[in-house]
Amino acid sequence: MAGVARGWNHNVQYHRLVLDAVPARARTALDAGTGDGLLAADLRDRVEHVTAIDVDAGVLDRARPSRSDVDWVAGDVMTHALPAAPFDVVASIATVHHLPDLGTALRRLGELTAPGGVLVVIGCARSAGPADFAMDVVGAVQHRVYSRTRGWWEHTAPVRLDFPHTYAQVRAIAATALPGVRWRRLPLFRYALTWSAPA
Ligand SMILES: C[S@@+](CC[C@H](N)C(=O)[O-])C[C@H]1O[C@@H](n2cnc3c(N)ncnc32)[C@H](O)[C@@H]1O
1 MAGVARGWNH NVQYHRLVLD AVPARARTAL DAGTGDGLLA ADLRDRVEHV
51 TAIDVDAGVL DRARPSRSDV DWVAGDVMTH ALPAAPFDVV ASIATVHHLP
101 DLGTALRRLG ELTAPGGVLV VIGCARSAGP ADFAMDVVGA VQHRVYSRTR
151 GWWEHTAPVR LDFPHTYAQV RAIAATALPG VRWRRLPLFR YALTWSAPA
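Numbering follows the numbering used here, with no gaps: position 53 of the sequence shown is 53.
Written out as structure tokens, the structure reads:
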């Protein structure tokens with residue numbers, strides 16, 4: 001992939017989790033809050049039509065030259081008029097905590113997911129309680145090992161480090177917004193939500 005440097009970070013680590021959820025028959029995908037566009041590029045290697053949206057014009061300008069076969073869109077995923085037909089895959093990494101209301105954001109991403117399609121959200125939240133802190137210790141060890149062996153790469157997308165919700169709060173909000181959603185706490189300071197849209 002030309003344009004954007006390829007390396008490892010906590011978001012790249014979970015691309016495989018997203019790609020493994022892509023249904024075999026998927027033809028369209030959306031990367032919401034694409035940043036430097038690395039997930040969009042990985043999705044494009046699996047799916048024929050990929051749309052990548054980000055509200056920050058600067059990071060999108062850096063992502064765009066990397067792939068001419070991705071539809072790069074500058075806009076707010078909550079309000080932008082995206083293609084009328086929903087997407088077979090909707091993915092979003094480290095982005096939903098940027099959005100004003102988590103439940104509304106998850107419902108919006110769910111609405112953008114085609115019947116029978118899959119939504120995967122990898123997100124960030126605050127630790128609260130022993131189980132979270134134990135997972136953070138595992139994450140700290142993984143971070144030290146992987147950043148040395150895989151080569152840490154700092155992405156250039158805007159970040160927000162004040163996470164509005166704890167992991168438990170995110171889990172509860174997601175269960176209401178996306179009935180049947182599958183929850184996983186991930187070591188590298190992330191969680192995963194996987195939701196299959198009813199066929
Ligand atoms: C921490 S970065 C993550 C970028 C990328 N997903 C990754 O894995 O590196 C969060 C991204 O969400 C984008 N973002 C924030 N609010 C957004 C919105 N309302 N619509 C689209 N993108 C948004 C930011 O501009 C930023 O690029």
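Built from N, CA and C at the ideal position, the CB exists for glycine as well.
Counting every other CB atom within 10 Å of its CB across the protein chains shown gives Gly35 a total of 16 or more, marking it as buried.
Rounded to whole angstroms, Ser147 and Trp8 show a C-alpha spacing of 7 Å.
Here the region 94-113 makes no contact with the region 132-144; the two share fewer than three CB pairs at distances below 8 Å. Judged by DSSP secondary structure, Arg171 falls within the alpha helix (DSSP H) whose first and last residues are 167-177. Cβ neighbours of Leu188 within its own chain (closer than 7 Å, five residues either side excluded): His10, Gln13, Gly139, Gln142, His143.
Under the three-pair Cβ rule at 8 Å, the region 168-183 does not count as touching the region 43-60. In terms of Cα proximity to Asp88, the closest of Asp162, Thr95, Gly117 is Gly117. In the structure shown, Arg62 adopts helical secondary structure according to DSSP, grouped into three states. A Cβ-Cβ distance of about 5 Å is found for the pair Thr194 and Val120, placing them in contact under the 8 Å criterion. Taking one beta carbon from each stretch, the region 17-25 and the region 158-166 have fewer than 3 pairs nearer than 8 Å; the two do not touch. According to DSSP, Thr194 shares a beta bridge with Val120, Arg182. Taking C-beta atoms as the reference points, Ile53 and Gly37 fail to come closer than 7 Å.
Ala94 and Ala32 have their alpha carbons spaced roughly 10 Å apart. With a threshold of 6 Å, the Cβ atom of Thr176 does not count as near ligand 1, since no heavy atom of the ligand is closer than that.
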